[in-house]
Amino acid sequence: MRHLLLLAALLTVTAGCSAHAAPRPSPRTEIVIDRSVPQDALAPWLAYAGSRSVWMEKKFFERNPGAAAYRYTFAEELEAREACARVWSELRAKSGTSDRYLDDLVAVQKAGLLQEYTWVFFRDAGWSPPEGLRLAEFDRWRQEHLKEHRPETKALARFRKK
């Protein structure tokens, strides 16, 4: 069953990728899930890492055709958090399970503040601020709705060693 969930989540993440893109040699990535992730929270973290993997191998170069090498971007992290929240929201609606971090992430998404959340909690030094960040609004919202919140990343995509 665990393998079916992994496959379903990975297919969900990669469904939006065009099968007709010009072939481009790219490094292969691997997905690593933290061993502490419970079975019922596996699919959202696989969706997160799967989304990052697609960015690392394909989307980054599609959006940055002149780039010589992959670079971690805000758009990548935001899209990965969106995938994670979307999958968890669907699973939670069906099973009624709960996970503090993932429940918080869905609340942020429903409030329309995932861009701000991603910027505040996961900002990389190489990122430029995206237009339209509502940081003051997010700060007010999180003081009420994210008390004792601890940001988590329980999965990653990384380039395989040669």
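Residues are numbered in my numbering as their position in the sequence shown, beginning at 1, plus a constant of 15. Glycine residues also receive a C-beta, built at the ideal position from the N, C-alpha and C atoms. What you are looking at is a predicted structure, and each value in this text was computed from that prediction instead of being measured.
Query raised in the report: At which residues does the beta strand (DSSP E) containing V47 begin and terminate?
Result: Membership of V47 in the beta strand (DSSP E) is indicated by the continuous run 44-48.
**Report entry** Continuous beta strand (DSSP E) stretch holding R96: start and end
**Finding:** It is not in any beta strand (DSSP E) - R96 instead sits in the alpha helix (DSSP H) that spans 89-110.
Requested in this report: State the beta-bridge partners of L117 as determined by DSSP.
Outcome: L117 is not bridged to any residue.
Query - Residues of its chain near S68, where Cβ-Cβ distance is below 7 Å and the 5 sequence neighbours each way are ignored - result: Contacts found: T44, I46, A172.
Query - Segment limits, beta strand (DSSP E) that includes L171 - result: Start and end: 170-174.
Query raised in the report: Cα-Cα, which of F137, R175, E146, K125 is closest to L160?
Result: Here the sequence assigns His to residue 160, which means Leu is not the residue at that position. Closest in alpha carbon position to H160, among F137, R175, E146, K125, is K125.
Query raised in the report: Does the Cβ-Cβ distance between T112 and D49 come in under 7 Å?
Result: No, these two residues do not count as a Cβ contact at 7 Å.
Query raised in the report: How about the segment 101-119 and the segment 133-146: do they share at least three Cβ pairs that are nearer than 8 Å?
Result: Contact between the segment 101-119 and the segment 133-146 is absent: fewer than three C-beta pairs spanning the two stretches fall below 8 Å.
Query - Boundaries of the alpha helix (DSSP H) in which S143 is found, first to last residue - result: Here S143 belongs to no alpha helix (DSSP H), and DSSP marks it neither H nor E.
Query raised in the report: Run through DSSP, which three-state label would L19 get?
Result: The predicted position of L19 is uncertain, since its pLDDT is 36 and thus under 50; a value taken from the coordinates is nonetheless stated next. Three-state result, L19: helix.
Query raised in the report: Can you tell me whether DSSP reads L128 as helix, strand or coil?
Result: Note: L128 maps to coil in three-state DSSP.
Query - Best match in E72, R86, R155, G127 for proximity to A140 [C-alpha to C-alpha] - result: Nearest of E72, R86, R155, G127 to A140, Cα basis: R86.
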